[in-house]
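>
Protein chains: 2
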Amino acid sequence: MSSARTLAAKARRSATALAEASTELKNKALLAMADALEGAVDPVLRANALDVAGARRAGLSPSLIGRLQLDAGKVRRIAGSIRSIAALPDPVGRVLLERERPNGLKIRKIGVPIGVILIIYESRPNVTADCMALCLKSGNSVILKGGSESARSNRAIHGVLRRAAAKAGLPADAFGLITAGGRAAVAQLLKMNDLIDLVIPRGGEGLIRSVAAASRIPVIKHYKGVCHVYVAPGADPDKARRIAVNAKTHNPGVCNAMETLLVDRSVAGRLLPLIATDLAGKGVELRGDAEARRLVPSMKQARESDWPAEYLDLVLAVRVVDGMEAAIAHIRKYGSAHSDAIVTEDAAEAREFARRVDSACVFLNCSTRFNDGGEFGMGAEMGISTDKLHARGPMGLEELTSYKYVVTGDGQVRS
Amino acid sequence: MSSARTLAAKARRSATALAEASTELKNKALLAMADALEGAVDPVLRANALDVAGARRAGLSPSLIGRLQLDAGKVRRIAGSIRSIAALPDPVGRVLLERERPNGLKIRKIGVPIGVILIIYESRPNVTADCMALCLKSGNSVILKGGSESARSNRAIHGVLRRAAAKAGLPADAFGLITAGGRAAVAQLLKMNDLIDLVIPRGGEGLIRSVAAASRIPVIKHYKGVCHVYVAPGADPDKARRIAVNAKTHNPGVCNAMETLLVDRSVAGRLLPLIATDLAGKGVELRGDAEARRLVPSMKQARESDWPAEYLDLVLAVRVVDGMEAAIAHIRKYGSAHSDAIVTEDAAEAREFARRVDSACVFLNCSTRFNDGGEFGMGAEMGISTDKLHARGPMGLEELTSYKYVVTGDGQVRS
Chain A
0 MSSARTLAAK ARRSATALAE ASTELKNKAL LAMADALEGA VDPVLRANAL DVAGARRAGL
60 SPSLIGRLQL DAGKVRRIAG SIRSIAALPD PVGRVLLERE RPNGLKIRKI GVPIGVILII
120 YESRPNVTAD CMALCLKSGN SVILKGGSES ARSNRAIHGV LRRAAAKAGL PADAFGLITA
180 GGRAAVAQLL KMNDLIDLVI PRGGEGLIRS VAAASRIPVI KHYKGVCHVY VAPGADPDKA
240 RRIAVNAKTH NPGVCNAMET LLVDRSVAGR LLPLIATDLA GKGVELRGDA EARRLVPSMK
300 QARESDWPAE YLDLVLAVRV VDGMEAAIAH IRKYGSAHSD AIVTEDAAEA REFARRVDSA
360 CVFLNCSTRF NDGGEFGMGA EMGISTDKLH ARGPMGLEEL TSYKYVVTGD GQVRS
Chain B
0 MSSARTLAAK ARRSATALAE ASTELKNKAL LAMADALEGA VDPVLRANAL DVAGARRAGL
60 SPSLIGRLQL DAGKVRRIAG SIRSIAALPD PVGRVLLERE RPNGLKIRKI GVPIGVILII
120 YESRPNVTAD CMALCLKSGN SVILKGGSES ARSNRAIHGV LRRAAAKAGL PADAFGLITA
180 GGRAAVAQLL KMNDLIDLVI PRGGEGLIRS VAAASRIPVI KHYKGVCHVY VAPGADPDKA
240 RRIAVNAKTH NPGVCNAMET LLVDRSVAGR LLPLIATDLA GKGVELRGDA EARRLVPSMK
300 QARESDWPAE YLDLVLAVRV VDGMEAAIAH IRKYGSAHSD AIVTEDAAEA REFARRVDSA
360 CVFLNCSTRF NDGGEFGMGA EMGISTDKLH ARGPMGLEEL TSYKYVVTGD GQVRS
């Protein structure tokens with residue numbers, strides 16, 4: 000048996016003990032893990048410094064190195080995040096539905112863990128801690144497969160947290176980490192549908208596509224976020240400006256940032272120059288269609304390849320559209336069903352957009368940047384799904400559970 | 000483009016129109032479909048008679064022919080089932096959650112269709128009508144792939160219902176039927192993850208395993224139902240006898256029938272002879288372990304292969320177990336996580352069983368036969384899932400939907 004398979008088999012065997020762990024024990028373990036991490040800032044930072052030095056030698060991009068690099072403040076924030084997960088309600092055992100049938104049967108639908116969850120991710124060592132804490136709280140065994148660039152940081156964080164969890168009374172084998180073996184190990188893991196119940200890949204589109212294509216295990220994912228803001232005929236100018244600037248520039252490198260601005264022809268003459276000036280003032284490069292460039296001649300010419308692009312940068316595609324129908328058609332054709340917004344004071348326009356745009360999150364008069372577990376009140380998040388099965392939108396603790404029905408009778412039989 | 004791919008592409012293109020159809024239009028179409036089917040009893044029965052004759056010539060088993068064969072009463076019951084689906088609440092647009100955030104954002108989680116659903120099934124022509132009606136009501140396009148033995152019946156039912164739906168104003172292409180091409184067509188369909196969102200295989204374990212192994216599309220399924228009844232120390236003798244008889248004999252050919260009876264050693268001497276007499280009186284063949292045979296010498300000897308067996312027949316495996324721990328260990332090792340029951344008047348025993356047995360449905364003092372959409376109050380059902388992602392247990396209209404978040408603001412941006 001390969002070492003990856005041994006590790007997965009151990010995670011599977013530990014799943015029952017974790018599923019049956021009490022809320023009290025899980026929270027005690029989480030708080031001990033947070034304390035242990037704060038007590039291990041120095042060794043974690045030493046390991047991280049070696050990863051960062053290696054990444055520099057390997058010529059990785061500054062943004063990748065930025066995501067990789069830790070400091071004492073970041074480590075303490077990771078510990079804080081673990082404590083906040085301890086404070087969230089336990090999704091295991093929660094009652095999702097309660098119903099009594101005419102024959103007296105009481106039907107309850109109750110949250111249960113999924114089992115064994117494999118997380119495949121790149122760079123950010125904080126994912127190691129977040130995923131361990133979220134899986135623990137939701138009663139799932141976890142197998143972590145991070146990138147080789149962050150192997151030492153992941154091993155350091157994982158080691159500290161796993162020892163603390165085991166000391167608190169949870170099975171150490173429920174927390175697996177694989178740092179060796181690269182793509183071959185991943186390919187092997189993705190075939191273990193007898194041991195692993197769910198795969199969540201987190202990272203760039205290339206990583207996620209390769210995982211989805213190879214996996215024999217169910218995958219929950221989003222490939223990318225090509226998010227739109229549609230400035231509709233009924234838009235309030237100030238809200239349109241504020242939302243466009245926030246959605247594009249608040250954090251341009253993330254999946255819920257706006258990538259395309261759609262402005263209705265009826266208001267484009269009045270609003271687009273104002274919005275363009277705001278965005279240009281924030282350093283955003285605008286790429287417009289012919290009509291947008293007529294109104295704002297300083298824009299670059301957009302090409303067909305700009306409409307489906309996820310820039311993750313201070314670049315924005317801009318298009319003038321003829322009415323709601325054209326806006327929705329554009330979003331359906333080029334969007335990624337991640338986060339799409341309308342700005343309008345017209346309730347009928349907002350309602351139609353909300354009803355017809357089938358994205359994980361549809362925003363009415365607010366920024367696409369709100370597609371986030373924390374902003375939704377879920378606490379920490381495990382990622383964002385644009386799939387339609389099991390979980391869609393931000394994934395928190397509840398999305399890491401399944402359910403079972405418990406039916407209570409008094410001797411009833413079926414007739 | 001193959002004909003199967005053309006059909007799937009049309010189903011995909013029709014999905015938006017179906018997703019946007021009003022509840023009123025969908026219900027009007029369903030009632031028209033029920034009427035049309037009742038008006039077409041003769042042609043449907045003529046087509047069915049040809050299928051039945053073909054099945055006889057091909058030497059198919061009497062039970063298979065029984066499932067295939069229709070009569071006027073059965074066709075009218077199918078129409079009645081379509082009417083009952085019209086009467087159910089529309090799962091599309093239902094509000095699953097409503098929450099206001101401290102910044103004033105209103106978050107609503109709203110039911111939406113999944114998209115295009117492929118159903119692969121055997122024999123029973125009523126599945127054609129049930130699946131068309133359930134998918135229509137939940138706003139999903141459907142592709143039906145029935146068995147060749149029921150091709151003429153399926154074509155007749157599908158044709159009548161599809162014409163009625165189109166006449167009512169729904170896109171005819173949203174209702175696809177494939178009767179030709181056999182396994183090759185299925186293999187082709189299972190690769191179309193760009194056009195099809197979900198596969199639900201219904202039929203024998205062999206069919207379902209082959210679909211799950213080949214599919215590039217998410218599959219929701221159960222392989223089999225190896226269901227247990229555990230007669231615990233605290234069991235009421237009358238309830239134990241009634242539940243055991245019902246779970247085994249009410250309809251032995253279905254997935255929620257009991258296949259193994261576990262009797263606690265503390266009550267076996269008193270109860271097992273009574274239960275065995277009841278079951279033998281109903282024509283059940285009992286296969287027991289050594290201890291069960293000591294108490295009821297007329298039992299056959301169970302082999303290791305009896306414990307994981309799904310007999311679907313008047314045969315029952317019987318084992319005497321030493322306490323709850325042994326009962327749960329047996330269920331975990333040999334069960335299929337489908338439907339497992341305990342009989343006990345002891346609330347602590349019931350609670351422990353409910354908490355620790357991780358089956359789709361856990362029954363306390365009632366028959367396993369209640370694992371059924373109708374019995375759960377869901378109306379018609381699409382099948383039963385033992386998977387843990389998306390849907391578990393009976394699948395009704397709500398399980399055929401996904402959701403989206405609609406977030407309403409007043410100009411909020413993220414800070």
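First to last, the sequence lines map onto chains A and B. For the record, in the first sequence the residue sitting at position 38 is 37 according to numbering that gives the first Met the number 0, with numbers rising by one throughout. For the record, in the second sequence the residue sitting at position 84 is 83 according to numbering that gives the first Met the number 0, with numbers rising by one throughout. For each residue, glycine too, the CB sits at the ideal point set by N, CA and C.
Given a limit of 7 angstroms on CB to CB distance, which residues of the segment 111–122 of chain A reach chain B?
For the segment 111–122 of chain A, the set of residues with a beta-carbon nearer than 7 angstroms to any beta-carbon of chain B comprises V111, I113 and G114, in chain order.
> Output needed for D321(A): all residues of its chain with C-beta closer than 6 angstroms, excluding positions within five of it in sequence on either side, in chain order.
In the first sequence, residue 321(A) corresponds to position 322, counting from 1. Excluding sequence neighbours, D321(A) sits near R264.
> Between V412(A), E374(A) and R391(A), which has its C-alpha nearest N102(B)'s C-alpha?
The residue labelled residue 102(B) in the question sits at position 103 within the second sequence. Considering only alpha carbons, the answer is E374(A).
> By Cβ distance below 7 angstroms, which residues in the same chain neighbour E380(B) in space, the five residues on each side in sequence not counted?
Sequence index remark: in the second sequence, residue 380(B) carries index 381 (1-based). D371, G372, G373, P393, M394 and G395.
> With distance defined between alpha-carbon atoms, name the residue in L30(B), R241(B) and F362(B) nearest to K166(B).
To locate residue 166(B), count along the second sequence from 1; it is residue 167. Answer by Cα proximity: L30(B).
> To the nearest angstrom, report how far apart G53(B) and E148(B) are at their CA atoms.
Your numbering for residue 53(B) matches position 54 in the second sequence. Your numbering for residue 148(B) matches position 149 in the second sequence. Answer to the nearest angstrom: the Cα atoms are 7 angstroms apart.
> G268(A) lies in the alpha helix (DSSP H); which residues open and close that run?
Counting from 1 along the first sequence, the entry for residue 268(A) is found at position 269. R264 to G280 is the span of the alpha helix (DSSP H), which, as asked, contains G268(A).
> Within this structure, are the beta carbons of S304(A) and A275(A) separated by less than 9 angstroms?
Mapped onto the first sequence, residue 304(A) falls at position 305. Mapped onto the first sequence, residue 275(A) falls at position 276. No, the pair does not count as a contact, with Cβ atoms beyond the cut-off.
> Among all the DSSP beta bridges, which residues are the ones paired with K108(A)?
In the first sequence, residue 108(A) corresponds to position 109, counting from 1. The partner list for K108(A) (beta bridge, DSSP) reads L96(A) and Y404(A).
> Measure from the alpha carbon of A183(A) to the alpha carbon of each residue in L17(A), D196(A) and S214(A), then state which is nearest.
Indexing the first sequence from 1 puts residue 183(A) at position 184. Nearest of L17(A), D196(A) and S214(A) to A183(A), Cα basis: S214(A).
> If we ignore side chains and look at the alpha-carbon of each, how far apart do R75(A) and V43(A) end up?
Indexing the first sequence from 1 puts residue 75(A) at position 76. Indexing the first sequence from 1 puts residue 43(A) at position 44. Computed Cα separation, rounded: 11 angstroms.
> So that I know if they touch, is there some Cβ in chain A lying closer than 9 angstroms to that of R100(B)?
Within the second sequence, residue 100(B) is the residue found at index 101, counting from 1. So yes, R100(B) belongs to the interface.
> Indicate whether at least one CB of chain A lies closer than 9 angstroms to the CB of C365(B).
As a first step, residue 365(B) is located in the second sequence; it is residue number 366 there, counting from the start. With its beta carbon less than 9 angstroms from one in chain A, C365(B) belongs to the interface.
> So, for A279(B): in the same chain, excluding its five sequence neighbours on each side, which residues have a beta-carbon less than 8 angstroms away from its beta-carbon?
Within the second sequence, residue 279(B) is the residue found at index 280, counting from 1. So the list reads L285 and S297, once near-sequence residues are dropped.
> What do you reckon, are the CB atoms on T367(B) and H227(B) nearer than 9 angstroms?
As a position in the second sequence, residue 367(B) is number 368, starting the count at 1. As a position in the second sequence, residue 227(B) is number 228, starting the count at 1. Yes, they are a contact pair.
> Name, going along the chain, the residues of the segment 380–413 of chain A whose beta-carbon falls closer than 7 angstroms to a beta-carbon of chain B.
Within the segment 380–413 of chain A, the qualifying residues are K387, L388, H389, R391, G392, S401, Y402, K403, Y404, V405, V406, T407, G408, D409, G410, Q411, V412 and R413.
> Just confirm the distance between the C-beta atoms of H157(B) and L135(B), as a whole number of angstroms; I'd bet it's less than 8 angstroms.
Residue 157(B) sits at position 158 when you count from the first residue of the second sequence. Residue 135(B) sits at position 136 when you count from the first residue of the second sequence. That belief does not hold up - the Cβ atoms of H157(B) and L135(B) are roughly 12 angstroms apart, past 8 angstroms.
> What residues of chain B sit near K220(A), judged by a beta carbon separation below 8 angstroms?
Counted from its first residue, the first sequence places residue 220(A) at position 221. Here the premise fails: no neighbours, minimum Cβ distance about 12 angstroms.
> Output, in chain order, the set of chain A residues within a Cβ distance shorter than 8 angstroms of E19(B).
Counting from one through the second sequence, the residue named residue 19(B) turns up at place 20. Chain A residues near E19(B): R354 and R355.
> Quick one: which residues of the segment 20–52 of chain B get their C-beta closer than 9 angstroms to a C-beta of chain A? List them in chain order.
Hits within the stretch: zero.
> Taking C-beta to C-beta, are S335(B) and Y222(B) nearer than 9 angstroms?
Position 336 of the second sequence, counting from 1, holds the residue named residue 335(B). Position 223 of the second sequence, counting from 1, holds the residue named residue 222(B). Result yes, Cβ atoms of S335(B) and Y222(B) sit closer than 9 angstroms.
> So, with DSSP's three-state summary, where would you put K299(A)?
Against the first sequence, residue 299(A) aligns to sequence position 300. Reduced to three states, the DSSP call for K299(A) is strand.
> Contact between the segment 64–71 of chain B and the segment 114–129 of chain B: three or more CB pairs below 8 angstroms?
yes
> Please name the residue, chosen from M32(A), A340(A) and R107(A), that lies closest to A353(B) on a Cα-to-Cα basis.
Within the second sequence, the letter at position 354 stands for residue 353(B). Ranking M32(A), A340(A) and R107(A) by Cα distance to A353(B) puts R107(A) first.
> Spatial neighbours of D70(A) within its chain, please: C-beta separation below 8 angstroms, excluding the five flanking residues on both sides.
Taking the first sequence and counting its residues from 1, one reaches residue 70(A) at position 71. Result list for D70(A): L44, in chain order.
> When DSSP builds the beta bridges, which residues end up paired with E284(B)?
Taking the second sequence and counting its residues from 1, one reaches residue 284(B) at position 285. Beta-bridge pairing links E284(B) to V314(B).
> Following the continuous beta strand (DSSP E) through I119(B), name the residue where it begins and the one where it ends.
For the purposes of this step, residue 119(B) is taken as the residue at position 120 of the second sequence. V115 to Y120 is the extent of the beta strand (DSSP E) around I119(B).
> Could you please give me the residues that DSSP links to S384(B) through a beta bridge?
By one-based count along the second sequence, residue 384(B) stands at place 385. In DSSP, S384(B) forms a bridge with G392(B).
> What is the rounded straight-line gap between the Cα of L271(A) and the Cα of A231(A)?
Along the first sequence, one-based indexing puts residue 271(A) at 272. Along the first sequence, one-based indexing puts residue 231(A) at 232. Going by the C-alpha atoms only, they are around 12 angstroms apart.
> Assign A212(B) to one of two classes, buried (16 or more other C-beta atoms within 10 Å of its C-beta) or exposed (fewer than that).
Within the second sequence, the letter at position 213 stands for residue 212(B). Looking at its Cβ environment, which holds fewer than 16 other Cβ atoms inside 10 Å, A212(B) is exposed.
> Looking at the structure shown, is T259(B) part of a helix, part of a strand, or coil, going by DSSP?
Here residue 259(B) corresponds to residue number 260 of the second sequence, with the count starting at 1. DSSP places T259(B) in strand when its eight states are reduced to three.
> Of all Cβ atoms in chain B, is any one closer than 9 angstroms to the Cβ of D15(A)?
On the first sequence, residue 15(A) is found 16 positions in, with the first residue counted as 1. The displayed chain sequence assigns Thr, not Asp, to residue 15(A). It does: the Cβ of T15(A) has a partner Cβ on chain B nearer than 9 angstroms.
> Tell me the residue span of the alpha helix (DSSP H) that contains G175(B).
Position 176 of the second sequence, counted from the start, is the residue given in the question as residue 175(B). Looking at the DSSP string, G175(B) is not in any alpha helix (DSSP H); the run it does join, the beta strand (DSSP E), is F174 to I177.
> On the DSSP letters alone, give me the boundaries of the beta strand (DSSP E) that Y333(B) sits inside.
Within the second sequence, numbered from 1, the residue matching residue 333(B) stands at position 334. No beta strand (DSSP E) contains Y333(B), which is instead part of the alpha helix (DSSP H) from G322 to Y333.
> Please list the segments of the alpha helix (DSSP H) lying wholly inside the segment 51–101 of chain B, counting only runs of 4 or more residues, in order along the chain.
Taken in chain order, the complete alpha helix (DSSP H) segments of 4 or more residues contained in the segment 51–101 of chain B are 61–67 and 71–86.
> So C130(A) is in the beta strand (DSSP E); what residue range does that whole segment cover?
Within the first sequence, residue 130(A) is the residue found at index 131, counting from 1. Counting along the chain, C130(A) falls outside any beta strand (DSSP E), though it belongs to the alpha helix (DSSP H) covering N125 to K136.
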